[in-house]
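One structure below.
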Ligand code: URP
Ligand code: ZN
Ligand code: ZN
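In my numbering, the protein residues as written are 437 to 924.
Below, the structure is given as structure tokens:
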């Protein structure tokens with residue numbers, strides 16, 4: 437009887453630390469051997485000439501979530517979002533369970549568990565808190581204990597921003613309950629003020645979205661998060677860093693020992709503010725927050741990725757249809773037609789499926805990073821930071837057999853028609869990339885193959901996260917007083 441359910445044979449197995457020519461043996465959904473000349477499995481996958489890599493971990497994606505601008509549900513479901521992720525080589529997603537207005541936090545969270553039962557790959561949640569009211573503060577400890585080990589906070593958007601006193605309150609609660617925090621850092625009042633001035637001047641097109649929130653708006657909020665994190669000795673992560681000046685704040689904090697983490701997203705490595713200046717309303721397709729910046733910022737972000745100041749590249753998948761509302765969402769990028777002013781354009785881009793091919797093309801094919809850095813940025817580092825490693829994020833005996841087999845020479849022209857999300861456009865229409873995931877396995881089961889989704893709704897499992905050392909505070913406060921012990 438065969439020792440393995442599946443053997444992936446003859447590929448170049450690439451992890452964040454090693455590259456080796458080896459076979460990968462899978463039994464019961466788990467990697468059980470990585471070695472040369474493994475005996476035959478019941479299923480054999482030929483990977484000669486291909487990379488065999490850990491499936492991507494996308495630690496920032498908004499699925500079945502109300503838009504912060506319109507309040508309407510965004511366009512992918514847990515099935516369509518995760519199926520497109522699988523086709524793009526991603527095998528785990530960290531989505532959001534948002535606090536719904538007028539709902540108890542426990543009920544919002546239960547609702548998201550129900551929705552996510554359709555997922556085709558494994559998932560977990562960041563809990564979004566908009567209002568740290570008594571119910572939230574009382575309920576969070578038990579939700580954290582149930583494995584929701586990260587809290588997400590928006591510092592901007594009228595509908596869900598948390599002010600600084602709330603951020604401090606939630607950081608303290610998270611620290612006391614061994615949870616982590618991720619933050620959307622932009623200065624709300626600066627954006628509001630600048631937006632009012634732009635509108636008063638008649639500057640309403642999509643491209644003025646970038647003018648309403650220049651890099652200084654992000655830099656200020658990043659510095660504020662770092663300062664609060666430093667006061668409380670509370671490690672946390674800044675989401676979607678877009679520009680050199682914000683990344684530099686993170687770098688400076690890390691140099692003085694602060695445990696602050698940063699991610700950027702595929703769109704900030706590929707798009708610029710000029711994309712929002714496209715004709716016929718098409719600029720709206722590129723409106724996301726923070727704003728895409730300049731070619732110089734793109735090169736600076738690569739520098740910060742290479743040196744580890746920024747540790748991962750997520751999708752920030754947050755999709756709204758452009759022209760055609762769907763079964764799941766009535767929202768559109770231009771709700772009032774071509775003249776829709778930029779503050780009414782729902783923020784966010786679809787990107788779950790294109791995240792890894794873009795990162796591979798711009799990074800590995802483009803000669804900016806090597807294959808192990810690609811694995812680190814796309815899979816291992818998010819798995820470590822969010823408490824999923826080594827179950828996820830590597831290929832080693834005992835790890836889940838979440839694997840993406842990549843053809844590094846495959847040339848693909850990205851076309852909306854070939855993608856698997858439930859959105860009517862991709863920002864990358866016509867982009868030519870070299871390198872594409874040809875087969876994706878989730879816990880040993882092939883879920884995407886040759887450009888087709890072959891998985892099933894409900895295969896995905898919730899990933900409960902236990903306390904983990906990676907996010908432990910340092911025990912260093914900026915004064916002799918330890919605010920948690922209540923003494924010096
Ligand atoms: O532009 C982005 N990243 N939007 C996602 C957040 C939201 O809810 O609008
Ligand atoms: Zn955000
Ligand atoms: Zn986001």
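Here a beta-carbon is modelled for each residue, glycine too, at the ideal position from N, C-alpha and C.
Would you mind reading off the limits of the alpha helix (DSSP H) that contains residue i?
i	result
residue 559	Residue 559 -> not in any alpha helix (DSSP H); beta strand (DSSP E) instead, spanning 558-564.
residue 731	731-742
residue 644	644-648
residue 817	817-821
residue 573	570-581
residue 624	624-636
residue 550	541-551
residue 606	600-612
residue 664	651-668
residue 517	514-523
When the distance is taken between beta carbons, is residue j closer than 9 Å to residue i?
i	j	result
residue 618	residue 690	no
residue 722	residue 642	yes
residue 493	residue 902	no
residue 838	residue 879	yes
residue 889	residue 489	no
residue 895	residue 516	no
residue 686	residue 821	no
residue 505	residue 780	yes
residue 524	residue 640	no
residue 900	residue 560	yes
residue 876	residue 526	yes
residue 874	residue 891	no
residue 520	residue 699	no
residue 725	residue 592	yes
residue 702	residue 794	yes
residue 893	residue 556	yes
residue 579	residue 914	no
residue 450	residue 471	no
Verify the contact flag: residue i, CB atom, against every heavy atom of ligand 3, threshold strictly below 8 Å.
i	result
residue 675	yes
residue 784	yes
residue 498	yes
residue 752	yes
Kindly examine ligand 2 and report whether one of its heavy atoms sits closer than 8 Å to the Cβ of residue i.
i	result
residue 590	yes
residue 687	no
residue 620	yes
residue 586	no
residue 533	no
Flag residue i as yes when its Cβ comes closer than 8 Å to any non-hydrogen atom of ligand 1, and as no otherwise.
i	result
residue 505	yes
residue 930	Residue numbering for the chain in the displayed model covers 437 to 924; residue 930 lies beyond these limits and cannot be assessed.
residue 724	yes
residue 593	yes
Just reading off the beta strand (DSSP E) that residue i is part of, what are its end residues?
i	result
residue 588	586-590
residue 528	526-534
residue 490	487-490
residue 445	442-450
residue 480	479-482
residue 461	455-463
residue 616	616-620
residue 467	466-471
The region 754-772 in contact with the region 500-520 per 3-pair CB rule at 8 Å
Touching, per the Cβ criterion.
Taking one C-beta from the region 511-531 and one from the region 785-803 each time, how about it: are there three or more such pairs within less than 8 Å?
With the cut-off at 8 Å, the region 511-531 and the region 785-803 touch.
So within the region 845-912, which uninterrupted alpha helix (DSSP H) runs reach at least 4 residues, ignoring any that extend past its ends?
Counting whole runs of 4 or more residues, the region 845-912 contains no alpha helix (DSSP H) stretch at all.
Cβ contact (3+ pairs, closer than 8 Å) linking the region 771-778 and the region 838-847
Too few Cβ pairs lie closer than 8 Å, so no.
Give a yes or no on contact between the region 798-818 and the region 459-471, applying the rule of three or more CB pairs nearer than 8 Å.
Flag = no, the region 798-818 and the region 459-471 do not touch.
For the region 733-744 against the region 657-672, do three or more pairs of beta-carbon atoms, one drawn from each stretch, fall closer than 8 Å, so that the two count as touching?
With the cut-off at 8 Å, the region 733-744 and the region 657-672 do not touch.
If we require 3 or more residues per run, which beta strand (DSSP E) segments fall completely within the region 673-707?
Counting only runs of 3 or more, we get 696-701.
Counting Cβ pairs, one atom from each stretch, are 3 or more of them under 8 Å apart for the region 527-539 and the region 800-807?
As far as the Cβ criterion goes, the region 527-539 does not touch the region 800-807, which means the pair count is below three.
Say whether the region 613-633 touches the region 587-594, bearing in mind that this needs 3 or more beta-carbon pairs closer than 8 Å, one atom from each stretch.
Verdict: yes, contact present.
Does the contact criterion of 3 or more C-beta pairs under 8 Å hold for the region 703-717 versus the region 629-639?
Flag = no, the region 703-717 and the region 629-639 do not touch.
Decide yes or no for the touch test of the region 476-485 against the region 441-449: beta carbon pairs closer than 8 Å, at least 3 of them.
Contact between the region 476-485 and the region 441-449 is present, because at least three Cβ pairs lie under 8 Å.
Length at least 4, wholly inside the region 737-815: the alpha helix (DSSP H) runs in chain order
Positions of the alpha helix (DSSP H) runs, each at least 4 residues long and wholly inside the region 737-815, are given as 791-795 and 807-811 in order along the chain.
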